[in-house]
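Student: I am attaching a structure below and will ask some questions about it afterwards.
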DNA sequence: TCAAAAGTGTTGTTGATACACCCATGA
DNA sequence: TCATGGGTGTATCAACAACACTTTTGA
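Protein chains in written order, with the working numbering: chain Y, 28 to 259; chain L, 28 to 259.
Okay, structure coming up:
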């Protein structure tokens, strides 16, 4: 079992980068966190947040590092989307880039970070053109988000810990870009039995006020362990 | 827009490899094409087929090259699964590996190739332990195969051009590892209206003989272009 | 003539959709 | 008192699951 010291030295090496497709939800809209690139090539053009892989870190470590540096947040929901390896995708040099998508509860994202990194939340509806193959990445990330949203309760990653049913519905409508019937939505989401109804109401968004709910992670985990398949 | 010559030279470089999770279907069983590794480390242990990325090729080119060299076939159904970047995944050196899964119609796979590369079809049921993180890759590839099989008509990639309904059912049963009702299966698959019934029967697998069908790619493409969502 | 696999319809259940009115509240 | 958004129930339809017998043919 002991490996001899084969070093693969006859094979070429490549720069490996990561790009993060960061989704958030603000003012009833699905948004993407982007910035104006500060280095050449494409300096000053809109870009996803990214960075290079370092010697002593795994890919997931690197993605987490980039998100942590940018947002100050730990334990962000994150998933690999795809790896991009076209030869000329970066005109400056050959770079293999692994795209991750991340969901962040935008209310926990502070403006200080935003200023420091020049980060901007942009509504998906008026997204500017992005550099290189970043548009493709976003497209693919959005598809993944839709798929995930319909099979796992990830919507909760984008909302505050306490939220109302109408809020949750607005989120799903933003994700799917289509209107949902509120009676059917409520019925379906409550039938999953993974929401805890709280005593208080949210009185900010309406006069009447809507009851707050919290996602019951324990119950959800229990269901999943029992082979349950969450579906919206 | 003209990039200055930024060369990213302060960032480290890595070996980039590809590993192929190659599924086939033989004798009513779902199989995986593997071999005994010929280089250190892990020489002589069961491994997926893989190889290193070259300077002048994209990731998909590389995956296609590896599959072509191994099978002699072009236009194989192939899809990226995930990229593996743990630091110690290969004890000999740091290697980032992109895992692809591929479906090959095993009847078109010749034994010569098999001998030349020491390739072996192994039933998923009695799969030996594989090196490094290849077990994880296979697990993930299998999940992807199941997901795809239920949303795209990929089953046809694994069968000869002409096949019978019972054959197709056996394939789906092998993929899902569960028995299906033949009346319901036939009803459902025919209702998709993407199979062309032929005049001839296959008389090899039964006395009575079963009608042969062919997948109607044109019709399928037409449906998909019209927004149709194939589902099994 | 019999064993082995192909082929065929109906029924009940469940989940999805469509749809309209009353309620609570702050301004 | 009224405008705004929150909350509720039912009826219809489509998709899915369960289920048993007849047909063909080579040995």
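Beta carbons are placed, not taken as given, at the ideal position from N, Cα and C, and that holds for glycine. Predicted, not measured: the structure shown is a model, and the values here were computed from it.
Can you say whether residue 121 of chain Y is buried or exposed, counting buried as having 16 or more other CB atoms within 10 angstroms of its CB?
Tutor: Position 94 of the first chain, counted from the start, is the residue given in the question as residue 121 of chain Y. By the neighbour-count rule (16 or more Cβ atoms within 10 Å), residue 121 of chain Y is buried.
Student: Taking just the CA atoms, how far does residue 82 of chain L sit from residue 66 of chain L?
Tutor: Sequence index remark: in the second chain, residue 66 of chain L carries index 39 (1-based). Sequence index remark: in the second chain, residue 82 of chain L carries index 55 (1-based). Each residue's Cα considered, the two are about 22 Å apart.
Student: Can you say whether residue 268 of chain L is buried or exposed, counting buried as having 16 or more other CB atoms within 10 angstroms of its CB?
Tutor: Outside the shown range of chain L (28 to 259) lies residue 268 of chain L, about which nothing can therefore be said.
Student: Using a Cβ cut-off of 8 Å, which residues of the stretch 118 to 129 of chain Y contact any Cβ in chain L, in chain order?
Tutor: Answer in chain order: 118, 119, 120, 121, 122, 123 and 125.
Student: Consult DSSP for residue 183 of chain L and reduce its assignment to one of helix, strand or coil.
Tutor: The residue labelled residue 183 of chain L in the question sits at position 156 within the second chain. In the structure shown, residue 183 of chain L sits in a helix (DSSP, three-state: H, G or I).
Student: According to the Cβ coordinates, are residue 171 of chain L and residue 123 of chain L closer than 8 Å?
Tutor: For the purposes of this step, residue 171 of chain L is taken as residue 144 along the second chain, with counting starting at 1. For the purposes of this step, residue 123 of chain L is taken as residue 96 along the second chain, with counting starting at 1. The answer is no: Cβ separation not under 8 Å.
Student: Does residue 114 of chain Y have its Cβ less than 8 Å from a Cβ in chain L?
Tutor: Here residue 114 of chain Y refers to the residue found at position 87 of the first chain. Residue 114 of chain Y counts as touching chain L.
Student: If I measure Cβ to Cβ from residue 79 of chain L and keep anything under 6 Å in the same chain, skipping five residues before and after, which residues do I get?
Tutor: The sequence position of residue 79 of chain L within the second chain is 52, counting from 1. 44, listed in sequence order.
Student: Is it the case that the Cβ atoms of residue 129 of chain L and residue 62 of chain L are separated by a distance below 8 Å?
Tutor: Looking up residue 129 of chain L in the second chain gives position 102. Looking up residue 62 of chain L in the second chain gives position 35. Contact: no.
Student: If I follow the unbroken alpha helix (DSSP H) through residue 242 of chain L, where does it start and stop?
Tutor: As a working note, residue 242 of chain L is residue 215 in the second chain. Where residue 242 of chain L is concerned, there is no enclosing alpha helix (DSSP H), although the beta strand (DSSP E) it sits in stretches over 237 to 242.
Student: Should residue 86 of chain Y be flagged as near chain L, meaning a C-beta pair shorter than 8 Å?
Tutor: Position 59 of the first chain, counted from the first residue, corresponds to residue 86 of chain Y. Yes, its Cβ sits closer than 8 Å to a Cβ of chain L.
Student: In the DSSP assignment, the beta strand (DSSP E) including residue 63 of chain L goes from what residue to what residue?
Tutor: Stepping through the second chain from its first residue, residue 63 of chain L is reached at position 36. Residues 56 to 63.
Student: Comparing C-alpha positions only, which one of L:234, L:97 and L:103 sits nearest to residue 141 of chain L?
Tutor: In the second chain, the residue the question calls residue 141 of chain L occupies position 114. For residue 141 of chain L, the nearest C-alpha among the options comes from L:97.
Student: Take residue 217 of chain L as the anchor and find which of L:95, L:232, L:241 and L:46 has the nearest alpha-carbon.
Tutor: Residue numbering aside, residue 217 of chain L sits at position 190 when the second chain is read from its first letter. If we check each option's Cα against that of residue 217 of chain L, L:241 comes out closest.
Student: Taking just the CA atoms, how far does residue 68 of chain Y sit from residue 119 of chain Y?
Tutor: As a first step, residue 119 of chain Y is located in the first chain; it is residue number 92 there, counting from the start. As a first step, residue 68 of chain Y is located in the first chain; it is residue number 41 there, counting from the start. Taking the straight line joining both Cα atoms gives about 7 Å.
Student: The beta strand (DSSP E) with residue 43 of chain Y in it runs from where to where?
Tutor: For this step, residue 43 of chain Y is matched to residue 16 along the first chain. Its beta strand (DSSP E) spans residues 40 to 53.
Student: Taking DSSP's pairing of strands, which residues face residue 190 of chain L in a bridge?
Tutor: Taking the first residue of the second chain as 1, we reach residue 190 of chain L at position 163. Residue 190 of chain L pairs with L:240.
Student: Kindly list, in the order they appear in chain L, the residues whose Cβ is closer than 7 Å to that of residue 110 of chain Y.
Tutor: If you number the first chain from 1, residue 110 of chain Y lands on position 83. Correct list: 86, 107, 110 and 125.
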